[in-house]
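A.B. asks: This structure is in structure tokens; I'll ask about it shortly.
There are 2 protein chains.
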Amino acid sequence: MGVEERREQLIAVALELFSVRSPDEVSIDDIASAAGISRPLVYHYFPGKHSLYEAAVRRAADELTARLREPHTGPLSVRLLRVMSRYFDFVADHGPGFSALLRGGATVGSKQANAVVDDVRQAAYEQVLAHLRIDAPGPRLALVVRSWVGLAETTALTWLDGRTMPRADLEVQLVHGFLALAAVTAADDEETAEVIRRIIANEPADGLIGHLVTTLLGLLPANGGPLLVPRDAPPGRPPGTPEEAATAAAPTAP
Amino acid sequence: MGVEERREQLIAVALELFSVRSPDEVSIDDIASAAGISRPLVYHYFPGKHSLYEAAVRRAADELTARLREPHTGPLSVRLLRVMSRYFDFVADHGPGFSALLRGGATVGSKQANAVVDDVRQAAYEQVLAHLRIDAPGPRLALVVRSWVGLAETTALTWLDGRTMPRADLEVQLVHGFLALAAVTAADDEETAEVIRRIIANEPADGLIGHLVTTLLGLLPANGGPLLVPRDAPPGRPPGTPEEAATAAAPTAP
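Respectively, the protein sequence lines represent chains B and D.
Note that the first sequence covers residues 1 to 254 in the working numbering.
Note that the second sequence covers residues 1001 to 1254 in the working numbering.
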């Protein structure tokens, strides 16, 4: 085997081992034996476990980034759902390595590996913005998208920890979660509100978002209850600043 | 000074330095000089920078956990807003150390320090459940609360990175975010739906949640638009499984 070929083989073998056991529990001996070569020969291609681990993380990151790509056609909810499905495929394939890396539990190569993770987050962030047709988001819309990327990670890590919920449900819930995070920001940010209006305009009535909106309206008290101000009230903006709203809502007794 | 007193002093000094510079950029010499003692004397109390860093992280974690405590009276939105305000006080006080620890960028003591971070997340999770008056949540409600704790972290880290948004707005938005994440789960989970109904029943019409609901309804197309199924449709459940809904929503051309 040539040098590049052998390096590729070792990265693939390492990645496979990290996908079934935490990186902390995989030794250079394990990798050598799985690759059918001697321990000194592994060191010939990688100076140590750190550098092999980093190369494996970089390979996994490239794979994940490729899986996040999605054509810009059809309703956003359908696109996001397909991306979430491929994301959970990846998470399912790389469980222990994914957990160890994101939980920061791996004792190997943390600083460089974390930089690679940040690159994937950045790629995911840029992908979502491209789907929203936004080039330079304001800070609030940027936060919505970054928060959602974080939400997907938290959800995936929680799923891996016992796999007690069907992943298909979590994929749908993450699509809903995106809309929900955008919606609460849209309440105070016109750029995000405009994005939501554009998304909703392209969603079919019998799609994921239509059902979500219908179901959420069903959670409100009958006839709106005391919470709802009449719909002919001035639209769009709650009266006063958030601070005033909080003060108004605070109980009078301490 | 006695041994305990001296250790306490060194922890306090270290924590103060980590609050203005990343832990990677603080040396034992810096700590010794800030404490007005010699470098060997620091080593007399702590075997190395690792152990002093871990002690400082543990101290900060105790402080944060204490700040998360909130009496169980008044509307939930007001309680959560007060907790978020104290959370952002803490984040503002410990910026560089907080970022380095949560971004996994600190080269010192990561494994033990991460375990301490996980303990704080767990404490926050249990606090929120106690406010919801839930002892043993189902997996979906548990995920809502864990996701929200993660959302607060992402938001705080994004805020620290340039402080481009007023923190008061982000505190309000996190309270909204909790309701939003719970609401999308409530669409498919009766336990969470019941929690939302209880929350809403205790919220004043002119409070944070009332304004949020009113504003969100304002985002919907006029007269409901094509998205809205009539309100007398069977309540609570979208027809079919999420997969069917996704298939129904998929565009017919590839």
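Each residue gets a CB set at the ideal place from its N, CA and C atoms; glycine is no exception.
By DSSP, does A187(B) sit in helix, in strand, or in coil?
C.D. replies: In the structure shown, A187(B) sits in coil (DSSP, three-state: anything other than H, G, I, E or B).
A.B. asks: By the criterion of Cβ-Cβ separation under 8 Å, what are the contact partners of M165(B) in chain D?
C.D. replies: Going along chain D in sequence order, the residues near M165(B) (Cβ under 8 Å) are P1139, R1140 and L1143.
A.B. asks: Does the count of Cβ pairs from the stretch 152-168 of chain B and the stretch 1142-1155 of chain D closer than 8 Å reach three?
C.D. replies: Yes: at least three Cβ pairs fall under 8 Å.
A.B. asks: Give a yes or no on whether the C-beta atoms belonging to A35(B) and L68(B) are separated by under 8 Å.
C.D. replies: Cβ distance not < 8 Å, so A35(B) and L68(B) don't count as in contact.
A.B. asks: Is any beta-carbon of chain D found at less than 8 Å from that of A92(B)?
C.D. replies: Answer no: the Cβ-Cβ gap between A92(B) and chain D never drops below 8 Å.
A.B. asks: Below 7 Å CB to CB, which residues in the same chain sit around V1083(D) once its five sequence neighbours on both sides are set aside?
C.D. replies: L1068 and E1070, listed in sequence order.
A.B. asks: Have a look at A1115(D) and S22(B) and give me their C-alpha separation to the nearest angstrom.
C.D. replies: Going by the C-alpha atoms only, they are around 16 Å apart.
A.B. asks: Which of helix, strand or coil does DSSP assign to M165(B)?
C.D. replies: Here M165(B) sits in coil by DSSP.
A.B. asks: By alpha-carbon positions, which one of R1133(D), L1017(D) and G1218(D) ends up nearest to E194(B)?
C.D. replies: The candidate whose alpha carbon is nearest that of E194(B) is G1218(D).
A.B. asks: Is there a C-beta anywhere in chain D that falls below 8 Å from the one on V26(B)?
C.D. replies: V26(B) does not count as touching chain D.
A.B. asks: If L141(B) and E190(B) are in contact, beta carbons under 8 Å, what's the gap, nearest whole angstrom?
C.D. replies: Not confirmed; about 10 Å, so no contact.
A.B. asks: Kindly indicate if chain D contains any beta-carbon less than 8 Å away from that of A193(B).
C.D. replies: Answer yes: the Cβ-Cβ gap between A193(B) and chain D drops below 8 Å somewhere.
A.B. asks: Taking P139(B) as part of the alpha helix (DSSP H), name the residues at either end of that continuous run.
C.D. replies: P139 to L160 is the extent of the alpha helix (DSSP H) around P139(B).
A.B. asks: Span of the alpha helix (DSSP H) holding F98(B)?
C.D. replies: F98(B) -> alpha helix (DSSP H) spans G95 to R103.
A.B. asks: Where does the unbroken alpha helix (DSSP H) through T214(B) begin, and where does it stop?
C.D. replies: First-last of the alpha helix (DSSP H) with T214(B): L208 to L219.
A.B. asks: Check whether the stretch 1089-1103 of chain D and the stretch 1175-1185 of chain D touch, using three or more Cβ-Cβ pairs below 8 Å as the test.
C.D. replies: At 8 Å Cβ cutoff, the stretches do not touch.
A.B. asks: Rounded to a whole number of angstroms, what is the C-alpha to C-alpha distance between S51(B) and D118(B)?
C.D. replies: C-alpha separation (whole angstroms): 18 Å.
A.B. asks: Which of the three DSSP states, helix, strand or coil, is assigned to A1233(D)?
C.D. replies: Unreliable placement is indicated for A1233(D), whose pLDDT of 42 sits below 50; no coordinate value is reported for it.
A.B. asks: Which one of Y53(B), I199(B) and S19(B) has the shortest CA to CA distance from H72(B)?
C.D. replies: Closest option to H72(B), Cα to Cα, is I199(B).
A.B. asks: In or out: E25(B) buried (at least 16 other Cβ within 10 Å) or exposed?
C.D. replies: Exposed, because fewer than 16 other Cβ atoms sit within 10 Å of the Cβ of E25(B).
A.B. asks: Would you verify that the beta carbon of V213(B) is, or is not, closer than 8 Å to some beta carbon of chain D?
C.D. replies: By this cut-off, V213(B) is an interface position.
A.B. asks: Residues in its own chain within less than 7 Å of V1013(D) by CB, not counting five upstream and five downstream?
C.D. replies: Excluding positions up to five away in sequence, the list reads I1031, A1034 and A1035.
A.B. asks: Is H131(B) closer than 8 Å to L76(B) when the C-beta atoms are compared?
C.D. replies: For L76(B) and H131(B), yes; Cβs fall inside 8 Å.
A.B. asks: Tell me the DSSP secondary structure of A1205(D) in three-state form.
C.D. replies: Coil.
A.B. asks: Figure out for me which residue from L1151(D), R1059(D), R1197(D) and L1017(D) has the closest Cα to the Cα of E1008(D).
C.D. replies: The residue with the shortest Cα to Cα distance from E1008(D) is R1059(D).
A.B. asks: So, with DSSP's three-state summary, where would you put E70(B)?
C.D. replies: Residue state, collapsed to three classes: coil.
A.B. asks: How would you label E1079(D), buried or exposed, when you count the other beta carbons within 10 angstroms and need 16 or more for buried?
C.D. replies: Inspection of the sequence shows that residue 1079(D) is occupied by Arg rather than by Glu. Under this definition R1079(D) is a buried residue.
A.B. asks: Report all residues from its chain with a CB closer than 6 Å to the CB of F46(B); omit the five preceding and five following residues, and keep chain order.
C.D. replies: Taken in chain order, the residues that qualify are L52.
A.B. asks: Under 7 Å Cβ-Cβ, which residues of chain D neighbour R146(B)?
C.D. replies: The answer, in chain order, is T1154 and T1158.
A.B. asks: Could you pull the start and end residues of the alpha helix (DSSP H) that I1037(D) belongs to?
C.D. replies: Element bounds for I1037(D): n/a, residue is neither H nor E.
A.B. asks: Have a look at V229(B) and H1211(D) and give me their C-alpha separation to the nearest angstrom.
C.D. replies: The pLDDT assigned to V229(B) is 43, lower than 50, so where the model puts this residue is not dependable, and the model offers no usable value.
A.B. asks: By alpha-carbon positions, which one of S1099(D), R1121(D), L1174(D) and D1029(D) ends up nearest to D1161(D)?
C.D. replies: Checking every option, the nearest Cα to that of D1161(D) belongs to S1099(D).
A.B. asks: Is the beta carbon of P1137(D) less than 8 Å from the beta carbon of V1020(D)?
C.D. replies: It is not a contact, given that the beta carbons lie outside the stated cut-off.
A.B. asks: Taking the CB atoms as reference points, tell me whether V1057(D) and L1101(D) lie closer together than 8 Å.
C.D. replies: The answer is yes: Cβ separation under 8 Å.
A.B. asks: I want to see whether chain B comes within less than 8 Å of H1176(D), judged by CB atoms only; does it?
C.D. replies: At least one chain B Cβ lies under 8 Å of H1176(D).
A.B. asks: Determine, for R1058(D), whether the minimum Cβ-Cβ distance to residues of chain B falls below 8 Å.
C.D. replies: Judged by the 8 Å Cβ criterion, R1058(D) is not in contact with chain B.
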